[in-house]
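Participant: One structure coming up, written as structure tokens, with questions to follow.
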Amino acid sequence: PQRSTAENEVYVARRQNLAVLFKIVRKLFDRGHSEVLIHAMGPCITKALHLTQDVLQHYGQWVTYEARHGTVEVVDDILGDFECDVEERRVSSLTLHLKMAENVTQTQPQQESKATDSLLDMVT
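In our numbering, each residue's number is its place in the sequence shown (first place is 1) plus 13.
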């Protein structure tokens with residue numbers, strides 16, 4: 014089934030380049046979105062954390078984040094020569110909720126953020 018997505022939601026996939034994802038998030042904030050949701054599952058969680066670190070470093074104190082993690086049940090269709098098998102498994106998931114400060118103009122300065130250090134603590 015096709016996933017329903019809002020305009021301000023970004024899904025991180027294996028084949029996506031980190032620079033492209035960063036530009037997508039920047040464009041969403043530049044278009045006036047005050048919140049961006051970044052979703053990742055399994056091995057893409059690390060890339061989502063790196064993306065969030067880049068966004069926090071770029072916007073500095075103007076962006077805050079909230080992380081939610083969980084487990085999702087997925088179904089794999091295994092195609093054989095004459096039959097199709099189904100295999101179910103559980104995969105870790107992460108949603109990062111980025112919020113822009115309310116009274117920010119479009120020309121905010123780039124500042125360092127200490128929030129990037131705490132993202133590394135989530136992985137270790």
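By construction, the Cβ of each residue, glycine as well, lies at the ideal position given by its N, Cα and C atoms. These figures come from a predicted structure and were not determined experimentally.
Can you pull the DSSP bridge partners for Tyr72?
Facilitator: Bridge partners of Tyr72: none, in fact.
Participant: For Asp89, I'd like the list of residues in its chain whose CB is within less than 8 Å of its CB, leaving aside the five on either flank, ordered along the chain.
Facilitator: Val99, Glu100, Glu101, Arg102
Participant: Among the candidates Met54, Phe95, Val85, Phe42, whose CA atom is the shortest distance from the CA of Trp75?
Facilitator: Phe42
Participant: Could you pull the start and end residues of the beta strand (DSSP E) that Asp94 belongs to?
Facilitator: Counting along the chain, Asp94 falls outside any beta strand (DSSP E), and DSSP gives it neither H nor E.
Participant: Please say whether Thr59 and Arg81 have beta carbons closer to each other than 8 Å?
Facilitator: no
Participant: Please classify Cys97: is it buried, with 16 or more other beta-carbons within 10 angstroms of its beta-carbon, or exposed?
Facilitator: exposed
Participant: Just reading off the alpha helix (DSSP H) that Ala32 is part of, what are its end residues?
Facilitator: 31–43
Participant: What's the C-alpha gap between Val25 and Ser47?
Facilitator: Answer to the nearest angstrom: the Cα atoms are 20 Å apart.
Participant: Taking Met54 and Val85 to be in contact with their CB atoms under 8 Å, please state how far apart those CB atoms are, rounded to whole angstroms.
Facilitator: About 6 Å; that satisfies the 8 Å criterion.
Participant: Apart from the five residues on each side of it in sequence, which residues of its chain come closer than 8 Å, Cβ to Cβ, to Arg39?
Facilitator: Val68, His71
Participant: Express the C-alpha separation of Ala19 and Glu79 in angstroms, rounding to a whole number.
Facilitator: Whole-angstrom Cα-Cα distance: 18 Å.
Participant: Cβ of Val23 within 8 Å of Cβ of Leu50?
Facilitator: By the CB criterion at 8 Å, Val23 and Leu50 fall inside the cutoff.
Participant: Look up Val85 in the DSSP assignment and give the residues it is bridged to.
Facilitator: Val104
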